[in-house]
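To convert a position in the sequence shown, counted from 1, into my numbering, add 80.
Just so it is clear, CB atoms sit at the ideal spot from N, CA and C, and this is done for glycine as well.
These numbers come from a predicted model, not from an experiment.
Structure record follows, encoded as structure tokens.
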Amino acid sequence: MSEGSRTSLGAEYFRTVYADKDDPFMLDSKWYERRKYALTMASLPKPQYRRALEPGCSIGVLTEQLAIRCDHVVSTDVVHSALDSARRRVGDTAAVEFALWSLSDDWSTLPTPEATFDLVVISEVGYYLDADDLSSAMTRVVEHLEAEGTLVAAHWRHDVDDYPISGDRVHEIIAATPGLALLSRYLDEDVRIEVFVASDSPAVSVASTDGLDVR
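This is the structure in structure tokens:
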């Protein structure tokens, strides 16, 4: 099927995926996933963030790592059982707030809809939306991204029949979103990881921020 003939995947699709397996995407067992998460976390230009948004947290493997680097994380999913698994993983911590929500949902249904974020993590969820829905969702993301905020996106590059668009197409749409500027990119045969900053942010040099001489 062509990209234009496939529409966004709804909550029922994911409820079916999780019906018989606690970890259907094998996030907790595959080296690909552990490596991807390590690359994602290492790509973040700041050592600590104030408030992060993680749509599509699944069972909370990345959530657990974000909680170390963020004062507060809002992690969401559309499947109750996935959220329950994520809660068990991170334990009793005030740093993480879970919500039944997806990237295409109305932002007014988030626990604190007026909140802004200095980190937004779009990890392996962009291709669940069709191109138009993702473009609209990214516009709303930018509206909630703080002036010097970071957006990191990470996606599988191989084709998946069920998904409306490819991982590379996801990143093209994100890059075309007004208000974002590309900071860094990692690319291999399997995964694409890109870090964006608000386009009006000052130039970001991790080394100079860390006090190193970059003359």
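For residue i, I'd like the list of residues in its chain whose CB is within less than 7 Å of its CB, leaving aside the five on either flank, ordered along the chain.
{"i": "residue 263", "result": "125, 275, 276, 277 and 284"}
{"i": "residue 144", "result": "169 and 170"}
{"i": "residue 248", "result": "237 and 272"}
Within 10 angstroms of the Cβ of residue i, are there 16 or more other Cβ atoms? Answer buried if so, exposed if not.
{"i": "residue 157", "result": "buried"}
{"i": "residue 210", "result": "buried"}
{"i": "residue 269", "result": "exposed"}
{"i": "residue 240", "result": "exposed"}
{"i": "residue 90", "result": "exposed"}
{"i": "residue 92", "result": "exposed"}
{"i": "residue 127", "result": "exposed"}
{"i": "residue 171", "result": "exposed"}
{"i": "residue 223", "result": "exposed"}
{"i": "residue 107", "result": "buried"}
{"i": "residue 120", "result": "buried"}
{"i": "residue 81", "result": "With a pLDDT of 42 at residue 81, under the threshold of 50, the predicted position of this residue should be treated as unreliable, and no value is reported."}
{"i": "residue 140", "result": "buried"}
If residue i and residue j are in contact, beta carbons under 8 Å, what's the gap, nearest whole angstrom?
{"i": "residue 142", "j": "residue 163", "result": "The pair is not a contact, with the Cβ atoms about 14 Å apart (cut-off 8 Å)."}
{"i": "residue 225", "j": "residue 253", "result": "Not really, about 16 Å apart at Cβ, beyond 8 Å."}
{"i": "residue 199", "j": "residue 173", "result": "Not quite, the Cβ-Cβ distance comes to about 17 Å (not below 8 Å), so this is no contact."}
{"i": "residue 182", "j": "residue 135", "result": "6 Å"}
Report yes if the C-beta distance between residue i and residue j is below 8 Å; otherwise report no.
{"i": "residue 234", "j": "residue 204", "result": "yes"}
{"i": "residue 207", "j": "residue 246", "result": "yes"}
{"i": "residue 347", "j": "residue 255", "result": "Only positions 81 to 295 of the chain appear in this structure, which leaves residue 347 out of reach."}
{"i": "residue 105", "j": "residue 138", "result": "yes"}
{"i": "residue 273", "j": "residue 88", "result": "no"}
{"i": "residue 250", "j": "residue 116", "result": "no"}
{"i": "residue 146", "j": "residue 201", "result": "yes"}
Looking only at its own chain, which residues have a Cβ that is under 6 Å from the Cβ of residue i, when we skip the five neighbours before and after it?
{"i": "residue 110", "result": "none"}
{"i": "residue 288", "result": "294"}
{"i": "residue 227", "result": "278"}
{"i": "residue 160", "result": "none"}
Here's a check: name, in chain order, each residue in its chain whose Cβ is nearer than 8 Å to the Cβ of residue i, leaving out the five neighbours to either side.
{"i": "residue 261", "result": "276, 277, 278, 279 and 281"}
Which one or two residues does DSSP pair with residue i in a beta bridge?
{"i": "residue 179", "result": "156"}
{"i": "residue 235", "result": "272"}
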